[in-house]
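S.K.:
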Amino acid sequence: GLLGPETEPAFSISVLDEIRALADAGRIPEPPGIVVIVFRPTRGTRMEGGAPPDEGAVAEAIRHAKLIFPTSPVSLGCMRPAGGYRSRLDVLALQAGADIIVMPAKEAVLLAESEGLEMLSADECCVFPSLGKGVRNDG
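Start counting the sequence shown at 1; every next residue gets the next number (this note's numbering).
1. Does the beta-carbon distance from residue 77 to residue 102 come in below 7 Å?
2. State yes or no: is the C-beta of residue 100 within less than 7 Å of the C-beta of residue 75?
3. Identify which residue in 82, 24, 89 has its Cα closest to the Cα of residue 54.
4. Let's see if you can read the secondary structure: which residues bound the beta strand (DSSP E) around residue 34?
5. Which partner residues does residue 75 have in the DSSP bridge list?
6. What does the alpha-carbon distance come out to for the pair residue 95 and residue 49?
7. Rounded to a whole number of angstroms, what is the C-alpha to C-alpha distance between residue 69 and residue 29?
8. Taking the Cβ atom as the reference point for each residue, do residue 14 and residue 61 lie within a distance shorter than 7 Å?
9. Report all residues from its chain with a CB closer than 6 Å to the CB of residue 135; omit the five preceding and five following residues, and keep chain order.
10. Quick one: what does DSSP say residue 140 is sitting in, helix, strand or coil?
11. Could you tell me the alpha carbon to alpha carbon distance between residue 118 and residue 109, rounded to whole angstroms?
12. At the level of alpha carbons, what is the spacing between residue 116 and residue 63?
13. Taking the alpha carbon of residue 125 as the reference point, which residue from 87, 79, 111, 106 has its own alpha carbon closest?
14. Comparing C-alpha positions only, which one of 20, 25, 34 sits nearest to residue 97?
15. Let's see if you can read the secondary structure: which residues bound the alpha helix (DSSP H) around residue 114?
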């Protein structure tokens, strides 16, 4: 599910529920990972005037993904607005249970440190959930 301009958080949550139902029915495999990307208004595009979704709605989608897919790592990908939005979202994502936050804001790093969470660094795209597994094929 994608959270974009004027999208109700229920939309992304309902898409996650549909994926869960398909996996439960054996029609698709359990997701190896879930990557959350967030609409980012981009200058020079027809959506430059759009507003990103509420940070709390994104955090709720992450929380729900963790609840219904407890064995799948949930990542907050790099595609999200910058600045204060990113700082607020990254903290909320961490509190919601995100396993991976790509290029986290300083505030999220400080929170993770204060909570004693282990932080790892990797040089790869968030759609490859091999962080900490040593799996990489550059060829």
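In this text, a Cβ means the ideal position worked out from N, Cα and C, and glycines have one as well.
M.R.: Here's the rundown:
1. By 1-based counting over the sequence shown, the position of residue 77 is 77. By 1-based counting over the sequence shown, the position of residue 102 is 102. Yes. Within cutoff.
2. The count along the sequence shown starts at 1 and reaches residue 100 at position 100. The count along the sequence shown starts at 1 and reaches residue 75 at position 75. Closer than 7 Å, so yes.
3. Working through the sequence shown from its first residue, we reach residue 54 at position 54. Comparing Cα-Cα distances from residue 54 to each of 82, 24, 89, the minimum goes to 89.
4. As a position in the sequence shown, residue 34 is number 34, starting the count at 1. Element bounds for residue 34: 34 to 36.
5. In the sequence shown, the residue the question calls residue 75 occupies position 75. Its beta-bridge partners are 35, 100.
6. Looking up residue 95 in the sequence shown gives position 95. Looking up residue 49 in the sequence shown gives position 49. Roughly 29 Å separates the two Cα atoms.
7. Within the sequence shown, numbered from 1, the residue matching residue 69 stands at position 69. Within the sequence shown, numbered from 1, the residue matching residue 29 stands at position 29. When rounded, the distance between both Cα atoms is 12 Å.
8. In the sequence shown, counting from the first residue as 1, residue 14 sits at position 14. In the sequence shown, counting from the first residue as 1, residue 61 sits at position 61. Going by C-beta atoms, residue 14 is not nearer than 7 Å to residue 61.
9. Your numbering for residue 135 matches position 135 in the sequence shown. Below a pLDDT of 50, predicted positions are generally treated as unreliable, and residue 135, at 32, falls in that range; no measurement from the model is reported.
10. Lying outside 1 to 139, the shown extent of the chain, residue 140 is not represented and no answer is given.
11. As a first step, residue 118 must be located in the sequence shown, where it is residue number 118. As a first step, residue 109 must be located in the sequence shown, where it is residue number 109. Approximately 10 Å between the Cα atoms of the pair.
12. For the purposes of this step, residue 116 is taken as residue 116 along the sequence shown, with counting starting at 1. For the purposes of this step, residue 63 is taken as residue 63 along the sequence shown, with counting starting at 1. Answer to the nearest angstrom: the Cα atoms are 20 Å apart.
13. As a first step, residue 125 must be located in the sequence shown, where it is residue number 125. Considering only alpha carbons, the answer is 79.
14. Taking the sequence shown and counting its residues from 1, the one referred to as residue 97 is at position 97. Ranking 20, 25, 34 by Cα distance to residue 97 puts 34 first.
15. Position 114 of the sequence shown holds residue 114. Residue 114 -> alpha helix (DSSP H) spans 106 to 114.
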